[in-house]
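Enquirer:
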Amino acid sequence: MESLESLYSYAWLIPLLPLIGAAIVGVGLISYSDATSKLRTPSSVFIVSLLGMAMMMSFGIFWSQWNGHEPYSFMFEWASAGSFKLQMGYTIDHLAALMLVIVTTVAFLVMVYTDGYMAHDPGYVRFYAYLSLFSFSMLGLVLSPNLLQVYVFWELVGMCSYLLIGFWYNRKPAADACQKAFVTNRVGDFGLLLGMLGIFWATGSFDFDIMGERLTHMVEIGSLPGAIAALFAILVFMGPMAKSAQFPLHVWLPDAMEGPTPISALIHAATMVAAGVFLIGRMYPVFEEIPVAMTTIAYVGAFTAMMGATIAMTQNDIKKGLAYSTMSQLGYMVMAMGVGAYSAGLFHLMTHAYFKAMLFLGSGSVIHGMEGVVGHNPTYAQDMRLMGGLRKYMPFTAITFLIGTLAISGIPPFAGFWSKDEILGSTFQVSPLLWAIGWVTAGITAFYMFRMYFSTFEGEFRGTNDDIKESLRIEQLQRMGASLGPGAMSTHEMPQATADDDHHDDDHHHASEPHESPITMTLPLVALAVPSMLIGLVGTPFGNYFEAFISPPGEVVTVAELAKEVDLHEFYVMAGSSVAISVVGITLAVLMYVTKTIDAGAIAAKIKPLYNFSLNKWYVDDIYEVVFVQGSRKIAKVALTMDIKLVDGLVNLTGFVTLITGEGLKYLETGRAQFYALIVFGAVLGLVLLSGLT
Amino acid sequence: MTVEHFPWLTALVIFPLLAAIPIPLLPDSEGKSIRWYTLGACLAELSLILYTFANYYDLNQTGLQLVDNFAWVPQIGLNWSLAADGLSMPLVILSGLVTTLAVVASWNVTMKPRLYFSMLLLMFSAQLGVFLAQDMLMFFIMWELELVPVYLLISIWGGEKRLYAATKFILYTAIGSIFILVAALAMAFYGDNLTLNFSELAAKEYSLPMQLITYTGFLIAFGVKLPIFPFHTWLPDAHSEAPAPVSMILAGVLLKMAGYGLIRMNIEMLPDAHVYFAPVLAILGVINIVYASLAAFGQDNLKRRMAYSSVAHMGFVLIGLAAFNTLGLSGALLQMISHGLIAAVLFFLSGVAYERTHTLAMDKMGGMGKAMPVAFGMFTAGSMASLALPGMSGFVAELTVFLGFSTSDAYSTFFKAFIVILAAIGVILSPVYLLSMLRRIFFGTPGELEIPNNTSWDIKPREAFVAISLLVPIIGIGLYPKLATQTYDVKSTELANRVQNIRLAQDADHGPFYAQVLTAPELLASRLSITSIR
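Chains A and B, in that order, give the protein sequences. Heads up, the working numbering is the position in the first sequence plus 11, with the first residue counted as 1. Heads up, the working numbering is the position in the second sequence plus 7, with the first residue counted as 1.
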């Protein structure tokens with residue numbers, strides 16, 4: 012075991028390796044910008060192999076934890092003021108080991124994929140540097156031993172997300188999206204910071220267990236009102252709300268799809284957005300004892316799951332559709348945490364990480380193929396109305412996408428089935444209402460995912476249809492026109508903005524048929540298909556190895572005990588009902604998009620208001636635009652005007668009056684210096700006299 | 008007085024001034040040899056500063072060190088009295104670093120280079136004089152001495168409305184400094200012995216009304232300089248007109264003189280009054296944060312926006328000072344150091360942008376990222392530091408202030424919650440104005456401005472050197488805050504304890520000054536002795 016011991020004491024290398032990679036390439040980019048940008052293969056191989064090493068170490072640690080090694084912690088004094096000390100370090104326990112494996116494997120595969128996807132991009136090296144920086148931040152986050160360190164890395168992953176969403180910085184939508192993402196996350200962090208300060212004020216600690224213990228104790232003995240504790244907990248929950256895109260702070264995630272697709276897979280599907288769920292897991296000792304907080308979490312999650320699914324039904328942009336699907340699935344996880352299904356929530360986090368990363372990478376492969384036909388224009392390349400029949404041209408992408416679709420729809424034995432079913436089963440025991448929301452959402456999920464699969468891969472290829480293109484172009488112009496705020500582009504600039512952007516070299520002529528992506532892209536897809544199919548088997552009710560490994564802090568259970576608890580009859584009822592609703596959703600999708608027995612357009616026309624409600628994302632963005640964006644601009648203008656007119660004016664006036672009086676008095680005196688001295692002397696005398704009298 | 012050791016601090020203060028004397032004699036009107044000469048002088052001075060503190064300064068002592076004391080003008084009791092302690096030492100180093108880099112940033116100054124660089128050197132001496140003076144009158148003289156170069160630098164090398172801005176600057180600060188003089192003399196004449204020495208002044212037992220009045224005087228003077236709402240309106244004007252290197256020093260060092268003054272005079276010498284004024288400071292602090300952040304967001308002028316951002320960041324210093332504990336004071340000091348570096352790098356980079364675009368109007372800019380990618384990256388790093396991203400110094404400083412204020416036992420829970428929540432709104436507002444600034448300058452497609460289609464606008468090695476020299480300590484402190492905090496930790500601990508004891512004594516006399524609506528739970532008190540926070 013000695014080698015394992017040293018593995019633990021060197022575990023800090025896991026986040027540090029990618030940081031070293033990012034730092035070296037980053038320094039190169041700053042000092043020898045052009046030369047470094049040309050070192051494509053060396054840079055990417057360097058960065059990918061560093062992450063590969065981190066992945067190997069993570070496997071080792073996971074293996075050792077799985078075999079029952081004690082949790083390991085290392086702390087050092089990071090900051091101090093007087094006798095006050097703040098500690099940082101790293102903790103490796105079951106949850107951290109699991110997250111390490113998820114993050115490193117997905118990141119590794121995404122990095123391999125990136126080589127193909129970004130092959131023609133001039134920012135190739137910079138992209139790898141950002142990816143590596145993100146991997147560092149995310150790995151640091153999962154190893155954090157206390158809430159403060161979580162907050163540190165929490166913000167860092169947010170910054171990486173900002174940099175990567177805005178990667179194509181000369182695209183206006185990307186510029187807006189990255190700022191929106193950062194600010195929305197800051198709103199969540201505002202709550203997280205306040206909650207953290209509040210809990211620290213009450214308990215004097217940032218350690219998860221100690222915070223939970225002391226807070227519970229205080230509420231019990233009555234030294235802290237329960238309402239205040241609940242307020243702190245809900246404030247902390249605002250952090251996950253923003254990071255995991257829960258209503259009402261979800262608005263940034265769909266827009267974040269402006270970033271390159273590998274990012275959408277890694278950050279905005281598999282890892283960073285799941286950090287919210289991870290934090291709820293870490294904060295379990297605190298949340299668990301506060302029923303109000305748990306209920307809030309559960310309902311926010313359920314509502315988000317439902318909302319995301321209903322919006323995903325009508326989206327035409329393949330990445331937007333997947334983004335709302337991610338939001339909906341994150342809602343499931345959050346709901347699971349809220350109803351106390353700790354292990355189920357994290358199980359879904361794991362399965363979702365794999366199949367959703369695969370789905371996003373698949374969509375990237377589709378976009379890559381489409382770009383060969385319609386050009387590098389997101390309006391065309393990502394719109395499913397121009398796709399269809401791609402299975403013929405891109406077999407690997409199609410099969411892996413289908414596996415992902417089956418997994419997310421909850422069809423046994425694919426991964427998503429086991430985790431979703433466990434969530435629904437546990438939810439039913441706590442609240443049938445929440446279960447009903449989750450159950451209906453499962454049906455909608457199956458429907459929209461198969462809608463997506465069918466319209467992308469089945470039927471006839473529509474990419475060469477100019478009529479559709481023209482109508483998409485007009486739609487795009489209208490949408491941009493509608494969202495034009497003050498200071499935005501004027502209409503004549505739009506064609507330029509929607510036209511091919513120069514980040515890709517665009518000299519190859521457009522083909523009439525899409526082609527399958529290169530092997531660096533299909534290989535990660537195939538690799539991710541394996542866990543998407545099989546990983547669910549570690550958490551079946553017959554032998555729940557997952558729950559035995561990941562159980563709430565303070566609880567220890569074994570596989571045998573868990574198997575005993577399971578009521579197989581109940582399992583068959585629950586699983587049967589959730590498979591049934593998924594099949595209903597799939598059947599509907601088949602009827603609408605394969606056999607065309609049901610005319611989707613006609614239904615949409617019949618329920619126009621509902622359809623528009625979904626298409627326009629429940630109008631949340633429009634409301635926020637008016638209330639927050641324009642509202643804050645107005646307040647800022649008022650503040651500035653007030654500052655220039657009122658405050659400055661008043662202070663100047665006071666000064667002016669003083670000067671005038673001084674000027675008047677000056678003529679009474681013979682010299683300026685004497686006058687000055689006199690005033691000073693008088694004032695001093697006055698002060699001394701005054702103080703002497705009292 | 009006998010000279011027991013080499014007068015290091017005197018040498019530090021005098022050297023730049025002496026170095027300025029031969030400048031008129033240098034054989035060069037283009038400014039080439041002058042700028043090299045000045046840079047050499049500044050580097051020598053910076054090395055001298057570092058050498059002195061590395062070899063002769065003991066980090067574990069709370070008291071004054073390296074004391075130089077000579078009679079200067081004995082007729083009026085003026086002593087040349089210098090000494091360093093934890094409050095002044097880090098600021099002296101900051102001043103040395105920022106001024107040296109400002110000289111590098113001034114490389115392209117071709118108009119009247121002799122005067123320009125002499126003024127920078129004069130300003131250097133005056134800054135160090137302010138931070139090191141241990142005599143009230145000397146402090147005041149140095150304080151006034153520093154105004155002259157700033158006035159000239161803005162009014163000669165400034166932008167279009169430079170005269171207005173320079174005049175406004177000199178009027179505001181000069182009127183402010185009258186209050187220093189009045190309050191200082193009042194303190195000097197108080198009681199039996201006439202003295203101007205800081206330590207002796209601090210040792211006097213002032214009556215409470217006297218303390219309150221002099222405190223108010225200092226607060227107004229330093230409030231103009233820091234600046235504190237509503238005396239801040241000179242700053243946006245001064246920054247938008249000043250050349251970038253002057254803005255670097257103005258935001259990086261000169262604003263810190265006010266923060267230093269607040270700690271040195273108001274807190275250290277007038278602690279009884281501070282107990283009464285602290286809540287006022289906290290309230291002014293949040294006004295600074297929220298109000299200036301909003302005003303910054305409303306601004307379309309790049310440097311004005313950053314000027315308001317400085318006002319907002321100084322709000323955290325005020326809140327930290329009001330906390331009555333080591334954490335708060337430590338946070339305030341760290342925020343001063345951190346903001347000195349961050350503001351310097353941001354103002355420098357805005358100067359880099361201005362040299363290319365010849366405009367500060369952000370609505371004319373846009374799409375510059377392609378033309379200056381490395382500058383874009385550095386601007387992003389600076390903005391991230393300014394919005395308190397972890398891993399950079401601003402985060403540690405603001406977090407320490409937040410922790411300090413929220414664990415302070417001087418206020419009711421309600422008041423603390425009120426202040427902390429409003430200050431935290433600044434956490435939301437800072438990315439709003441900083442990231443939208445980045446977006447409007449670098450993102451998207453070019454606006455009105457003609458932007459070259461290659462990277463010829465990108466940052467030059469000299470410019471990159473300045474930015475990196477500032478970003479490295481920003482990140483260094485962010486990763487390992489002790490780099491900065493150890494320079495003042497013993498001093499801030501000692502001072503915070505002293506003020507806290509005075510507050511407790513006052514509470515014991517008059518009962519708690521602030522009603523405790525909801526006291527911190529009992530457990531906390533017992534834990535404070537442990538304070539090992541995991």
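Cβ atoms here follow ideal geometry from the backbone N, Cα and C, with glycine treated the same way.
Report, in whole angstroms, the separation of the C-beta atoms of L445 (chain A) and A309 (chain A), which I expect to be a contact under 8 Å.
Expert: For the purposes of this step, residue 445 (chain A) is identified with residue 434 of the first sequence, where counting begins at 1. For the purposes of this step, residue 309 (chain A) is identified with residue 298 of the first sequence, where counting begins at 1. Contact holds; Cβ gap of about 6 Å.
Enquirer: List, from N- to C-terminal side, the alpha helix (DSSP H) runs of 4 residues or more that fit wholly inside the segment 267 to 324 of chain A.
Expert: Runs of the alpha helix (DSSP H) lying entirely within the segment 267 to 324 of chain A and spanning at least 4 residues, in chain order: 272 to 276, 286 to 293, 295 to 298, 302 to 323.
Enquirer: With H, G and I counted as helix, E and B as strand and the rest as coil, what does DSSP make of G498 (chain A)?
Expert: Position 487 of the first sequence, counted from the first residue, corresponds to residue 498 (chain A). Residue placement at G498 (chain A) is flagged as unreliable, the pLDDT there being 41, under the threshold of 50; the coordinate-derived value follows with that caveat. DSSP places G498 (chain A) in coil when its eight states are reduced to three.
Enquirer: If you run the structure through DSSP and keep just helix, strand and coil, what is N663 (chain A)?
Expert: On the first sequence, residue 663 (chain A) is found 652 positions in, with the first residue counted as 1. Looking at N663 (chain A) - three-state DSSP - the assignment turns out to be helix.
Enquirer: State buried or exposed for P271 (chain B), treating a residue as buried only when at least 16 other CB atoms are found within 10 Å of its CB.
Expert: For this step, residue 271 (chain B) is matched to residue 264 along the second sequence. Note that residue 271 (chain B) is Arg in the sequence shown, not Pro. Buried.
Enquirer: When burial is assigned at 16 or more other CB atoms within 10 Å of the CB, is M145 (chain B) buried or exposed?
Expert: Residue 145 (chain B) sits at position 138 when you count from the first residue of the second sequence. It is buried - the Cβ of M145 (chain B) has at least 16 other Cβ atoms within 10 Å.
Enquirer: Within its chain, find whatever has a CB closer than 7 Å to the CB of P506 (chain A); leave out the 5 residues flanking it on each side and keep chain order.
Expert: Numbered from its first residue, the first sequence carries residue 506 (chain A) at position 495. With a pLDDT of 40 at P506 (chain A), under the threshold of 50, the modelled position of this residue cannot be trusted, and the question is left open.
Enquirer: Tell me which residues of the segment 166 to 194 of chain A have at least one Cβ-Cβ distance to chain B shorter than 9 Å, keeping chain order.
Expert: E166, L167, G169, M170, Y173, L174, G177, Y180, N181, R182, K183, A185, A186, D187, C189, Q190, F193, V194
Enquirer: Taking CB distances under 9 Å as the criterion, tell me whether R644 (chain A) reaches chain B.
Expert: Walking along the first sequence from the start, residue 644 (chain A) turns up at place 633. Closer than 9 Å: yes.
Enquirer: Does the beta carbon of D199 (chain B) sit closer than 9 Å to a beta carbon anywhere in chain A?
Expert: The sequence position of residue 199 (chain B) within the second sequence is 192, counting from 1. By this cut-off, D199 (chain B) is not an interface position.
Enquirer: How far does the beta strand (DSSP E) with F85 (chain A) in it reach, from first residue to last?
Expert: On the first sequence, position 74 is the one that residue 85 (chain A) refers to. 83 to 92 is the extent of the beta strand (DSSP E) around F85 (chain A).
Enquirer: Which chain A residues are close to Q306 (chain B), counting only those with a beta carbon under 7 Å from its beta carbon?
Expert: One-based indexing of the second sequence puts residue 306 (chain B) at position 299. Chain A residues near Q306 (chain B): L651.
Enquirer: Roughly how many angstroms separate the alpha carbons of A499 (chain A) and T282 (chain A), rounded to a whole number?
Expert: Here residue 499 (chain A) refers to the residue found at position 488 of the first sequence. Here residue 282 (chain A) refers to the residue found at position 271 of the first sequence. Annotation note: pLDDT 41 at A499 (chain A) (below 50); position unreliable, coordinate value reported separately. Going by the C-alpha atoms only, they are around 33 Å apart.
Enquirer: Could you list the residues in the segment 284 to 306 of chain B with a C-beta less than 7 Å from some C-beta on chain A, going in chain order?
Expert: Going along the segment 284 to 306 of chain B in chain order, one finds Y298, L301, A302, F304, G305, Q306 with a Cβ nearer than 7 Å to chain A.
Enquirer: I'd like to know whether the C-beta of G136 (chain B) is nearer than 9 Å to at least one C-beta of chain A.
Expert: Counted from its first residue, the second sequence places residue 136 (chain B) at position 129. So no, G136 (chain B) is outside the interface.
Enquirer: For G376 (chain B), return the contacting residues in chain A, with the cut-off set at a CB-CB distance below 8 Å.
Expert: As a working mapping, residue 376 (chain B) is identified with position 369 in the second sequence. Under the 8 Å cutoff, chain A gives Y180, N181.
Enquirer: Ordered along the chain, which non-local residues of its own chain (more than five positions away) have a Cβ less than 7 Å from that of A27 (chain B)?
Expert: For the purposes of this step, residue 27 (chain B) is taken as the residue at position 20 of the second sequence. The residues are S125, L128, L129.
Enquirer: So is W179 (chain A) buried or exposed if we call it buried at 16+ other beta carbons inside 10 Å?
Expert: The residue given as residue 179 (chain A) occupies position 168 in the first sequence. W179 (chain A) is buried by the Cβ-count criterion.
Enquirer: For chain B, find out if any of its Cβ atoms is closer than 9 Å to the Cβ of G270 (chain A); answer yes or no.
Expert: Position 259 of the first sequence, counted from the first residue, corresponds to residue 270 (chain A). No, its Cβ sits nowhere closer than 9 Å to a Cβ of chain B.
Enquirer: So what does DSSP say about W15 (chain B), is it helix, strand or coil?
Expert: What you label residue 15 (chain B) is simply residue 8 of the second sequence in a count that begins at 1. It is helical.
Enquirer: If you run the structure through DSSP and keep just helix, strand and coil, what is A395 (chain B)?
Expert: Translated into the one-based positions of the second sequence, residue 395 (chain B) becomes position 388. The answer is coil: DSSP assigns A395 (chain B) none of H, G, I, E or B.
Enquirer: So who's on the other strand from M361 (chain A), going by DSSP bridges?
Expert: Your numbering for residue 361 (chain A) matches position 350 in the first sequence. Answer by DSSP bridge pairing: none, since M361 (chain A) is not bridged.
Enquirer: Strictly below 8 Å CB to CB, what residues from chain B border D200 (chain A)?
Expert: As a first step, residue 200 (chain A) must be located in the first sequence, where it is residue number 189. The contacting residues are V434.
Enquirer: Can you name, in chain order, every residue of its own chain whose Cβ lies under 8 Å from the Cβ of T390 (chain A), other than the five neighbours on each side?
Expert: Position 379 of the first sequence, counted from the start, is the residue given in the question as residue 390 (chain A). Residues of the same chain with a CB within less than 8 Å of the CB of T390 (chain A), apart from the 5 flanking positions on each side, are L483, R484, Q487, T509 in chain order.
Enquirer: To the nearest angstrom, how far is the alpha carbon of Y404 (chain A) from that of E527 (chain A)?
Expert: Counting from one through the first sequence, the residue named residue 404 (chain A) turns up at place 393. Counting from one through the first sequence, the residue named residue 527 (chain A) turns up at place 516. Going by the C-alpha atoms only, they are around 6 Å apart.
Enquirer: Out of A:A130, A:F145, A:S91, A:E558, point me to the one whose CA is closest to V114 (chain A)'s CA.
Expert: The residue given as residue 114 (chain A) occupies position 103 in the first sequence. Ranking the options by Cα distance to V114 (chain A), first place goes to A:F145.
Enquirer: Can you give me the C-alpha to C-alpha distance between P529 (chain A) and Y124 (chain A), rounded to a whole angstrom?
Expert: For the purposes of this step, residue 529 (chain A) is identified with residue 518 of the first sequence, where counting begins at 1. For the purposes of this step, residue 124 (chain A) is identified with residue 113 of the first sequence, where counting begins at 1. Rounded to whole angstroms, P529 (chain A) to Y124 (chain A) spans 9 Å at the Cα level.
Enquirer: Distance check for E581 (chain A) and Y635 (chain A), CA to CA, integer angstroms please.
Expert: Along the first sequence, one-based indexing puts residue 635 (chain A) at 624. Along the first sequence, one-based indexing puts residue 581 (chain A) at 570. Taking the straight line from one Cα to the other gives about 44 Å.
Enquirer: Can you confirm whether the segment 77 to 96 of chain B touches the segment 201 to 214 of chain B when touching is taken to mean that 3 or more C-beta pairs between the two stretches lie within less than 8 Å?
Expert: yes
Enquirer: Enumerate in chain order the residues of its own chain whose CB-to-CB distance from G596 (chain A) is below 6 Å, with the five nearest sequence positions on each side excluded.
Expert: Here residue 596 (chain A) is taken as the residue at index 585 of the first sequence, counted from 1. Excluding residues within five positions, the ones whose Cβ falls inside 6 Å are G454, A457, F458.
Enquirer: Taking the straight line between their C-alpha atoms, what separation do you get for A65 (chain A) and H379 (chain A)?
Expert: Looking up residue 65 (chain A) in the first sequence gives position 54. Looking up residue 379 (chain A) in the first sequence gives position 368. Going from the Cα of A65 (chain A) to the Cα of H379 (chain A) covers about 29 Å.
Enquirer: In chain A, what lies closer than 9 Å to R121 (chain B) by C-beta?
Expert: Looking up residue 121 (chain B) in the second sequence gives position 114. Using a Cβ-Cβ cut-off of 9 Å, R121 (chain B) is close to nothing in chain A; its nearest Cβ partner there is about 30 Å away.
Enquirer: For chain B, is any of its Cβ atoms less than 9 Å away from the one on V658 (chain A)?
Expert: Within the first sequence, residue 658 (chain A) is the residue found at index 647, counting from 1. Yes - at least one Cβ of chain B is within 9 Å of the one on V658 (chain A).
Enquirer: Leaving out five residues on either side along the sequence, give the residues of the same chain with a beta carbon under 6 Å from the beta carbon of P184 (chain A).
Expert: Taking the first sequence and counting its residues from 1, one reaches residue 184 (chain A) at position 173. Result list for P184 (chain A): E269, in chain order.
Enquirer: Closest to L486 (chain B) by C-alpha separation, out of A:S42, A:A90, A:P26, A:S17, would be which residue?
Expert: By one-based count along the second sequence, residue 486 (chain B) stands at place 479. When only C-alpha atoms are compared, the closest one is A:A90.
Enquirer: Kindly say whether Y418 (chain B), judged by its beta-carbon, lies nearer than 9 Å to any beta-carbon of chain A.
Expert: Within the second sequence, the letter at position 411 stands for residue 418 (chain B). Cβ-Cβ to chain A under 9 Å: no for Y418 (chain B).
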